[in-house]
Every structure is written in C-alpha cells, then in structure tokens.
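For reference, the structure discussed in these notes is given below.
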Amino acid sequence: MNAPSHAGQAYAQAVAAKRRQVLLGLLVLGLCVLFAGRIAEISPSKFFANIGSFTSYFYRIAHLESGQWVISDPVEWFWGWKKWLALMGETLLMAYVGTVLGACAALVLCFLASKNMTQNTWVVFATRRLLEFSRTVPEIVFALIFVVAFSLGPLPGILALAIHTTGALGKLFAEVVENVDMKPVDGVLATGGNWLHKVRFAVLPQVASNFASYALLRFEINVRGAAVLGFVGAGGIGQTLLEVIRKFYYADVSALLVLIIATVMVIDAVTERMRHRLLGQERQA
Amino acid sequence: MSVQQLPVAASDLAQRQQALRTRYAAHFQPFYQGRLRAFSVALLSLVVFAYGVHSLDMSYARIVGGLVELGKMVLRMFPPHPGSGSLAVIYAYAMLETLAIALLGTLLAAIVAFPLGFLAARNTTLNRVVQFFARRSFDTLRGVDILIWALIWINVVGLGPFAGVLALFMSDLGSFGKLFSEAIEAADDKPVEGVVSTGGSSLSAVRFGILPQLLPVLLSQVLYAFESNTRSASIIGIVGAGGIGLILSEQIRTLELQQMAFVILLILATVSLIDFCCARIRFSIIGVRAL
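Chains D and B are the protein sequences, given in the same order. With the working numbering applied, the first sequence has no gaps in its numbers, which climb one by one up to 293 at the end. With the working numbering applied, the second sequence has no gaps in its numbers, which climb one by one up to 315 at the end.
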C-alpha cells in the first residue's frame, strides 16, 4: 500500500527536479539572449521595415536591366561568361594547389604529431600546438596578413588555404595514424627497418586511402573558401563578386552566385564519388 | 640418400614456387603492372599542380620576397599589446558583440530549422515534393558562403552586427536543416509504432516517439555549431557585418601589428574558452556516451 505511493512520490520528485533544471537552463539562456540582443543591435522594427528590400533584392537579382526574368535571356545574363569562367578556373586551381601544398605538409607533420610514431613527447606536443594554431586562425585572416606581405593576387590566397589545410588535415591524419594496426610496424622494426621504412611499408599502406579521402573532402571545403578569398584581394572570383554586389549590378550577382553554387555542387558530387570508390577499395582489401 | 633426394627436393621447390606464383599472381608481377592507373592519376595531379604554380604566378622570387616581408611583420607583432587601456575596452566589447552575433545567429537558425527539418526528413515529411524542395533549399543556403550572405544582408539592414546575425542565420539554417533531417531519419521508429499502437495521433508520435530520441542529438549539434560560429562571427566584420573582424582588418591594413597580434590572441582565447564551455555543457546534457 505504502510502496507504490512512495515510488510515485520519488518519481514526481525526480521529474520536478529535472523540470527545475530545464527551466533554470532556459532562464539563463533567455537572459543571455536578451543581453546579446542589446549588444548585437537587434531591432525587429528595422528588420520588418526592411524585409521588403530583402525580398526585392532577390527579385532584382533575378531580373535583367531590361526588366525581363534572367532565365529568359541566358546569353545576356551570362554576358561575361568567358571572364567569369576563367576566374572560376583560377579559383579551382587555387583551391587545388592550396590543398596539395597543405596535404603534403600535413603528411609530414602528422607522423610527428602521433604518439605511436614519435616517442619524443615534446615533439608531439609542439607539432600538435602548431597544427592547432594553423587551423584555429581563420584562413581569411591569414589571407589578410599575406596580402600585405606578398602583395595582391592568388599567391597569398593559396598560402592561406595551404596553412589552414595543414592544420585541419594534420589533425585528421594524425588521428588515423594513431589508430593503425601496430603489428606491421613491429614486423618492419624486427627486420631492422628504420623510421622511414616504418612509415613507408608499415603505416602508409594502411592509411593511404583514408588520407586521400580526407584530402578530397578538404579540397571541397577549400573551393568554397577560395571563392571568398577575393574579398580581401587574395585572388579568385571573390573580388569580382564583391564588386558586383557593392556596385549593385543585380543580374551579375545572380549569375556569379549561380556559377559558384553550380561549381561547388559539381565538385561535391565528383569528390563524393571518388571518396566512395576509395573507401570501397579499402573495404575490399 | 640425401644426394638422391636433393634433385627431387629442388624440383619440388620449383613446383611449390610455381604454385605460389600462380596463387599470389598479384604479388609476383613487376611493380609497374596493374599500377598504370595509379601512376597516371599521380602524373595528372602533378601536371595540374605544375600548371597551377605556373599560371598563378607563384614565382620563386615572389615567394622568397614575401617570406622575408612576412618575417619582418611577425617580428613586429611581438610583443602583442592592446595599445592603450581604452582600446582594450573597445576590443573586449567587440569580442562580446562577436559572441552575441554567434549566439543569436545559431539560436535563430536552430529554432527555424527545427520544424523545417521534419519537412526534409523522409519519415516525417508531408510528401516527396515538399521533401525534395526542402532539401534543395538547404543545399542552396549552405552553398552560399557566410561572407556572401553578410554582404547581401548589409544591403538590406545596413552595416552592423544585425546583418551578421542574419548572415549566420542563413548559412546555419542550411546546415541545421540537413543535420536535423538526417537525425530524424536515423531515429528509431519502434517508439513511434508504440505510440501509434496505443491510439496516439501523428503529432503525439512525433512528440513522444521521436522528440525524446532527437533532443540530445540536436542540442549537441547546436553546441558544435555555436563553437564554429564563434569563429565565423569573428571574421564577418571584415565585410562590415559587426564583431571583431572589422577591427582586425583595419589593424592589418594600417599595419598596427602589435595590436593585431593582441586581437588574434584574444580571438583564439575566446574560441577555446567557448569550446571548453560547450564541451562541458554537452557532457552534462548527453553524457560521455553520445560524444
């Protein structure tokens, strides 16, 4: 008679405690939001007063200067396609070169950053902090600094992408290396192999497909990144995009956006297929 | 006896070698055979790389000259210094503004993406057409970089942090929509069947069948997004959408390198603080298991 009501009481108490916790969490969150709203100068009135110009912005970028829909005259819409495709190609090339450079640097550093390949803990610690630094600073900040040092053009953009890629891939690579099967490593050591032999014949065969897959994923991300590096003068299509947005060439804005989005989607699809094949190979082996 | 056996053993050895060769043909062929594709892929990527280096004007002289210049800049960054006390207060406020942008953008996107995620999930959507359009809209939102969204919103609400909040909101809406709908699709449908079998409506199936499984996953995704948005919010100021990025880009342009180094360190410290706090919150909400 007594037991069930006791259990019921305990249940009610537990539920009430949890509710209190959730309410307290929501209260704290609400206070944070109010405070943040003040600081970020949120004004719903400004938003609703101007929301019309947001929708009309999309209306305008969907129309040519003649007032027709952009799709009614693709030739007029993409009037600058030769220049734009060249810029898009430059953007892709920047992303590619940056990814290759960064992946090569990450390939060297990842062995120094994994505990099972490098015994010296100081080297591991220092390499990890270096990788962390190069991925935490956003690439556009690197680009800003490099533009001053290397002057305008794709070169600072590529270096910025390469450094960020080194940091991001170095971490992922090191995690893969730390999870390899150590038996082949022992085997190579037992036959008198040195450090390089260990890496080449025991570790690389196990990790190569994973590395390639991560590098492809990074390339995809870097294409998006390279498209906006031009905002700070570091080459690619971004500079042109910034200009047409700032100068209100509406139809050009939509043409460039369509070009960028389509390119990114194609790159996504291609790299995804390549990655599936790479990982499929690994599963078969 | 052993002399007689030797030729037999030798031919036996040859036979066994042959057997091995036929059995592991792949291991006995010359190293270049069967690797033609790998070699051609490697060669092609090398050629593209060389073309890129050539056409993107990465000359040796430019790289070396730039590195020297960069070295000088790095030396001038030390020691990092805020400049003056009043400037330090300005930086702190800008950092606070950055955090406010990140918080509001993430939260707004999460609130709006929550119902839309159900529309984009296979098991809870209204019909296939709605699902298709929801998915494609999310893809498009994600395909446009946050800096581009910031530029567009600046045209609408003017320069300032509000444009930054809306920009973060747009690009996060795309990623949350995708992540949420994937989480909904991955939810176990046994609890849903249980609710339906007791006569519950489809709304109560979602509320009592799916939501309890979903909330911890969503919360952890939102916390992760908040972490990465802190980084994004610190750069959107470069195009004028509020936050500390504006200060950073001005300092680089005017070559106030000690102050710039201070601001970068401030950003890094704040980001790692936020990472730490989010990890704690995630841990307390969903425990170590779901990490």
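C-beta: ideal position from N, C-alpha, C; glycine also. Only a predicted model underlies this, so the values are computations on that prediction, with no experimental measurement involved.
Separation of residue j from residue i, as counted between CA atoms
i: B:ALA257; j: D:ASN58; result: 22 Å
i: B:ALA303; j: D:GLY33; result: 16 Å
i: D:ILE269; j: D:CYS112; result: 28 Å
i: B:VAL77; j: D:LEU95; result: 16 Å
i: B:ILE172; j: D:PHE209; result: 46 Å
i: B:ARG255; j: D:GLY106; result: 21 Å
i: D:VAL274; j: D:MET282; result: 12 Å
i: D:LEU177; j: B:GLU217; result: 43 Å
i: D:PHE256; j: D:PHE150; result: 29 Å
i: D:PHE133; j: D:ALA121; result: 7 Å
i: D:THR279; j: B:ILE291; result: 33 Å
i: D:ALA18; j: D:ALA25; result: 10 Å
i: D:ARG226; j: D:SER13; result: 59 Å
i: D:GLY175; j: B:VAL220; result: 49 Å
i: B:LEU131; j: D:GLU183; result: 32 Å
i: D:VAL211; j: B:GLY89; result: 38 Å
i: D:LEU294; j: D:GLY165; result: A query on residue 294 of chain D cannot be resolved here, the shown segment of chain D reaching from 9 to 293 and no further.
i: D:LEU204; j: D:GLY161; result: 38 Å
i: B:GLN39; j: B:ARG47; result: 12 Å
i: D:ARG136; j: D:ILE79; result: 51 Å
i: D:HIS284; j: D:SER217; result: 10 Å
i: D:THR99; j: D:ALA242; result: 10 Å
i: B:SER205; j: B:ASP81; result: 44 Å
i: D:MET190; j: D:ASN202; result: 15 Å
i: B:ILE176; j: D:ASN187; result: 45 Å
i: B:ILE268; j: B:ASP169; result: 19 Å
i: B:VAL246; j: B:MET284; result: 30 Å
i: D:TRP77; j: B:ALA118; result: 42 Å
i: D:ALA235; j: D:MET102; result: 9 Å
i: D:GLY244; j: B:ALA74; result: 18 Å
i: D:VAL261; j: B:SER161; result: 18 Å
i: B:THR222; j: B:PHE307; result: 34 Å
i: B:PRO103; j: B:LEU281; result: 9 Å
i: B:ALA191; j: D:LEU265; result: 16 Å
i: D:MET9; j: D:ALA22; result: Interpretation of D:MET9 is limited by its pLDDT of 48, a score under 50 that renders its predicted location unreliable; no figure is taken from the coordinates.
i: D:VAL272; j: B:GLN237; result: 33 Å
i: B:SER10; j: D:LEU167; result: Not covered by the structure: residue 10 of chain B. The range shown for chain B is 25 to 315.
i: B:HIS105; j: B:LEU94; result: 19 Å
Presumed contact (8 Å Cβ cut-off) between residue i and residue j, rounded CB distance
i: D:PHE119; j: D:THR126; result: 7 Å
i: D:LEU163; j: B:ARG277; result: Not a contact, Cβ separation roughly 19 Å.
i: B:PHE142; j: B:ILE208; result: 6 Å
i: B:GLN275; j: B:VAL263; result: That belief does not hold up - the Cβ atoms of B:GLN275 and B:VAL263 are roughly 16 Å apart, past 8 Å.
i: B:GLY184; j: B:GLY266; result: 5 Å
i: D:ILE47; j: D:TYR258; result: At roughly 33 Å, the Cβ-Cβ gap does not stay under 8 Å, so D:ILE47 and D:TYR258 are not in contact.
i: B:ALA211; j: B:ILE234; result: 5 Å
i: B:GLY188; j: B:ILE135; result: That belief does not hold up - the Cβ atoms of B:GLY188 and B:ILE135 are roughly 18 Å apart, past 8 Å.
i: B:ASP213; j: B:ASN147; result: 7 Å
i: D:GLU147; j: D:GLY246; result: Not a contact, Cβ separation roughly 12 Å.
i: B:LEU120; j: D:ILE50; result: That belief does not hold up - the Cβ atoms of B:LEU120 and D:ILE50 are roughly 14 Å apart, past 8 Å.
i: B:ASN179; j: D:TYR65; result: 6 Å
i: D:LEU180; j: D:ASN230; result: The pair is not a contact, with the Cβ atoms about 14 Å apart (cut-off 8 Å).
Which of helix, strand or coil DSSP assigns to residue i
i: D:TRP89; result: helix
i: B:HIS105; result: coil
i: D:ALA15; result: helix
i: D:ALA293; result: Interpretation of D:ALA293 is limited by its pLDDT of 47, a score under 50 that renders its predicted location unreliable; no figure is taken from the coordinates.
i: B:ARG313; result: Annotation note: pLDDT 48 at B:ARG313 (below 50); position unreliable, coordinate value reported separately. Reduced to three states, the DSSP call for B:ARG313 is coil.
Where the alpha helix (DSSP H) through residue i begins and ends
i: D:TYR257; result: Here D:TYR257 belongs to no alpha helix (DSSP H), and DSSP marks it neither H nor E.
i: B:GLY269; result: 269-277
i: B:GLU209; result: 185-210
i: B:ASN253; result: 235-257
i: B:TYR75; result: 60-79
i: D:PHE62; result: 52-69
i: D:PRO146; result: Looking at the DSSP string, D:PRO146 is not in any alpha helix (DSSP H), and its letter there is neither H nor E.
i: B:ASN179; result: 170-181
i: B:SER161; result: 152-167
i: D:GLN214; result: 212-237
Cross-chain neighbours of residue i in chain C, by beta carbon under 9 Å
i: D:THR144; result: Here the protein chains are D and B, and chain C is not one of them.
Does the stretch 211-225 of chain D touch the stretch 147-160 of chain D, meaning 3 or more C-beta pairs lie closer than 8 Å? no
So, do the stretch 298-309 of chain B and the stretch 248-266 of chain B have three or more beta carbon pairs nearer to each other than 8 Å? yes
If contact is defined by three or more beta carbon pairs under 8 Å, each pair taking one atom from either stretch, is the stretch 154-173 of chain B in contact with the stretch 189-202 of chain B? yes
Is it a yes or a no for the stretch 120-129 of chain B touching the stretch 31-46 of chain D, going by three-plus beta-carbon pairs under 8 Å? yes
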